[in-house]
Amino acid sequence: MNLCKSIDVVKPLKMNPSNKKAMGILETKGEKAFIEHVFTHPEDHDKPQYEKRQLSYAEMRMLYG
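Be aware that the sequence shown starts at 41, since it is given in the numbering used here, and climbs by one per residue.
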């Protein structure tokens, strides 16, 4: 499934800031960057790769729905 093709359907919906940022990453940087973003702890996005904490699927769903 190509996530980028779903953007036009989701875009008109109201989103919280976290989901809006994740959608922007999907639009501008693509699927791989989007997946990396949503599975990284929100406090760690600006840290070097080796310091980033990975989220479980359940944690990611709690943050992004």
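Don't be surprised by glycine CBs; every beta carbon is placed ideally from N, CA and C.
Only a predicted model underlies this, so the values are computations on that prediction, with no experimental measurement involved.
(1) So the candidates are Gly64, Leu66, His81 and Gly70; which of them puts its Cα closest to the Cα of Glu99?
(2) Below 9 Å between beta carbons: does that hold for Leu95 and Ser58?
(3) Report the partner residues of Gln94 according to the DSSP bridge assignment.
(4) Below 7 Å CB to CB, which residues in the same chain sit around Ile65 once its five sequence neighbours on both sides are set aside?
(5) If we ignore side chains and look at the alpha-carbon of each, how far apart do Lys54 and Ala62 end up?
For this structure:
(1) Of the candidates Gly64, Leu66, His81 and Gly70, the residue whose Cα lies closest to the Cα of Glu99 is His81.
(2) Not closer than 9 Å, so no.
(3) Per DSSP, Thr80.
(4) Only Ala73, Phe74 and His77 meet the Cβ criterion.
(5) One C-alpha to the other measures close to 13 Å.
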